[in-house]
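Numbering (my numbering), first residue to last: 1414 to 1888.
Data first, discussion second: the structure below is written as structure tokens.
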Amino acid sequence: MSATLGALLRELEPSWTQIMFERLDGPAQESSSPWNNAGTGHSALCELNYTPETNDVINPSKAFSINEKFQISRQFWAHQTDTGVLGDPREWINPIDHVSLGQGLDQVGYIRRRYELLSKSHLFPQMEYTDDEQVFAEKLPLMAKDRDFSEKVAISWTPVGTDINFGALTDQFVTGAKASGTEIRYGHDVIDITRDGNAWRVRTKNVHTGDIQTVRAKFVFVGAGGYALDLLRSAGVPQVKGFAGFPVSGLWLRAKNPELIEQHDAKVYGKAKVGAPPMSVPHLDTRVIDGQKGLLFGPYGGWTPKFLKSGSYLDLFKSIRPDNIPSYLGVAVKEFGLTKYLIEEVLKNFDARVDALREYVPSAEGDDWETVIAGQRVQVIKPAGFPKGGTLEFGTTLINNSEGTIAGLLGASPGASIAPAAMLEVLERCFGHRMIEWGPKIEEMFPSYGRLLADDEALYDEQWEHTQKALKLER
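In structure tokens form, the structure reads like this:
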């Protein structure tokens, strides 16, 4: 998020100075690290939690919204590639089939209805559907091996999905930032942010030497992942009053057998079990990291009080304040399903995780897989007033003060996939008085800005063709 916003502002206002603080010794080592996330270019092509169904009626609004935002990402990344800010896109983005899986009659019916609905829109191109056993086996041989097809299965898919190494993407952005004069300070922990008239004083600590430094900035963006909430609190941003964070860790099973990895070439998303939260949606993901193909299954939920993977076990307890206690209590009462899910996940051993994998890969053997720890998520708890207390949010939440001099992002998925759209919103909220002046440049970076591609098929086709070529996504 921070790297994206920096790239936007450098192009809009090249005379402005920028400085980026990172507490670790390199870029994108937390949630953006490629082994800390599924690497899915979230565009709602296959993710079933974006198309909820009630009484056989599917609501596609969230899927359309996320798809539109991902088109914004493609346009920005293509522009940054065309202008040389980003390097070879094959280092961080690759085409991959996105597949939706249904198992059992109820899910098969849902997959068919979802396909029939979404395939009518040009935002979901080249979608196909099958409930034929032979086609399933040809498409997903690893998942078909040893499968009992007496239980009905169906899939819908499109070949235009993407696998993204967000760590490599961020690294390219930061490399471009340094080349343009942005100062990058690694190993610097932001201790606090305080008012200084119409500006801010950002106090940092060198984690290796202990040296304390202070810089003064007219605008601050807090892109600190799970630590963003406390930093916004330290800055006294009133809009964050009552907000709380609930940390959720995760695990993957990662294939270590090269022959197994070569048998699968898709991202396959299923449905979460009844009562499970959206974050628990199981998926079997082909990954491409540093030119090497990999395979992940998960996520398996876990729990730790840390707000970052490299954080402190005191993070949760330090974040509890008088104003957000009602938010925590409200969620504790209402989210019994999440609590039950996390307890069950924490109690699973390796064999139990392999058993869950066998619902997707029936022939799975434990010796072919290993456990890896995923990135840390901090789900946003929004204050909801009496008597609700608080509500747990599973998306991303943008916070800014009324003057537009400080902003930060809270939450998780779809996260990095829609970073350009999220940072455009930061510009609109915090630099609204400049948007007319910036208009021509913004339209150059985002040709569909201010328009819905769902309503303009010609514009969609034009931008799709350009971004496919610029990002080397053509197969």
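Positions of the beta carbon are idealized from the N, C-alpha and C atoms, including for glycine.
Small disclaimer: the values here were computed from a predicted structure and weren't measured.
Residue from the options whose Cα sits closest to the Cα of residue i
i	options	result
Gly1589	Gly1803, Pro1427, Gly1852	Pro1427
Cys1843	Leu1751, Gly1817, Tyr1542	Gly1817
Pro1860	Trp1665, Gly1500, Ser1486	Ser1486
Arg1436	Glu1757, Tyr1599, Thr1699	Tyr1599
Gly1610	Gln1520, Asp1438, Ala1630	Ala1630
Phe1710	Asp1874, Leu1697, Ile1702, Lys1719	Leu1697
Tyr1463	Phe1579, Gly1845, Ala1476	Ala1476
Lys1558	Glu1541, Asp1643, Gln1676, Gln1442	Gln1676
Pro1651	Ala1820, Pro1502, Thr1880	Ala1820
Asp1438	Glu1757, His1601, Met1858	His1601
Lys1882	Arg1771, Phe1749, Gln1488	Gln1488
Thr1417	Ser1830, Glu1870, Gln1705	Ser1830
Val1791	Ser1563, Gly1522, Leu1729, Asp1624	Leu1729
Glu1481	Ala1832, Gly1522, Asp1624, Lys1706	Ala1832
Tyr1773	Glu1443, Pro1718, Ile1855, Pro1695	Pro1695
Asp1703	Glu1504, Asp1874, Gly1828	Glu1504
Tyr1542	Arg1560, Leu1555, Glu1878, Tyr1523	Tyr1523
Gly1828	Ala1420, Asn1449, Phe1562, Phe1749	Asn1449
Phe1632	Trp1429, Met1556, Leu1872, Lys1565	Trp1429
Gly1419	His1846, Ala1592, Glu1757	Ala1592
Leu1499	Thr1467, Leu1727, Leu1421	Leu1421
Pro1896	Lys1719, Thr1467, Ala1769	Residue 1896 lies beyond the stretch modelled for the chain, which goes from 1414 to 1888, so this question has no answer here.
Phe1434	Lys1801, Ile1625, Leu1872	Ile1625
CB contact flag (residue i, residue j, <8 Å)
i	j	result
Tyr1754	Gly1714	yes
Leu1531	Pro1465	no
Val1767	Gly1803	no
Gly1405	Phe1763	Since the first and last residues shown for the chain are 1414 and 1888, residue 1405 lies out of range.
Thr1607	Ala1641	no
Gly1663	Pro1796	no
Gln1539	Gln1876	no
Pro1508	Leu1886	yes
Met1848	Glu1838	no
Leu1805	Phe1659	yes
Ile1577	Ile1506	yes
Glu1529	Arg1667	no
Lys1618	Ile1597	no
Ala1679	Asp1469	no
Gly1824	Gly1808	yes
Gly1452	Arg1771	no
Arg1526	Ile1471	yes
Gln1431	Thr1595	yes
Met1858	Glu1424	yes
Lys1684	Leu1518	no
Met1414	Leu1822	yes
Leu1645	Glu1443	no
Glu1856	Tyr1862	yes
Val1521	Asp1544	yes
Arg1560	Pro1775	yes
Expected contact under 8 Å - CB spacing of residue i and residue j to nearest Å
i	j	result
Val1628	Trp1716	Between Trp1716 and Val1628 the Cβ distance is about 36 Å, and since that is not below 8 Å, they are no contact.
Val1653	Ile1812	5 Å
Pro1447	Phe1579	7 Å
Val1785	Trp1665	5 Å
Ser1740	Ile1794	5 Å
Asp1643	Ser1732	6 Å
Distance cut-off 7 Å: residue i Cβ against heavy atoms of the ligand NAP
i	result
Pro1508	Because no ligand of any kind appears in the structure shown, any question about the ligand NAP cannot be addressed here.
Just checking, does the stretch 1664-1678 make contact with the stretch 1630-1637 on the three C-beta pairs under 8 Å criterion? no
Counting Cβ pairs closer than 8 Å, one from the stretch 1568-1579 and one from the stretch 1448-1464, do we hit at least three? yes
For the stretch 1739-1785, list the alpha helix (DSSP H) runs that are entirely contained and at least 4 residues long, ordered along the chain. 1749-1760, 1763-1770
Could you name each continuous alpha helix (DSSP H) segment of 4 residues or more that falls completely within the stretch 1603-1663, going from the start of the chain to the end? 1641-1647
Should the stretch 1734-1751 be called in touch with the stretch 1603-1618, which here means at least 3 C-beta pairs below 8 Å? no
Length at least 4, wholly inside the stretch 1455-1521: the alpha helix (DSSP H) runs in chain order: 1474-1495
Should the stretch 1513-1522 be called in touch with the stretch 1557-1571, which here means at least 3 C-beta pairs below 8 Å? yes
Can you find at least 3 beta carbon pairs, one from the stretch 1519-1534 and one from the stretch 1584-1600, that sit closer than 8 Å? no
How do the stretch 1488-1495 and the stretch 1540-1549 stand: do at least 3 beta-carbon pairs fall below 8 Å, yes or no? no
If you scan the stretch 1514-1600 from start to end, which runs of the alpha helix (DSSP H) of 4 or more residues do you find wholly inside it? 1518-1531, 1546-1552, 1554-1557, 1579-1592
Segments assigned alpha helix (DSSP H), at least 4 residues, entirely inside the stretch 1663-1719: 1671-1675
Runs of beta strand (DSSP E) lying entirely within the stretch 1808-1882, each at least 3 residues, in chain order: 1809-1813, 1819-1824
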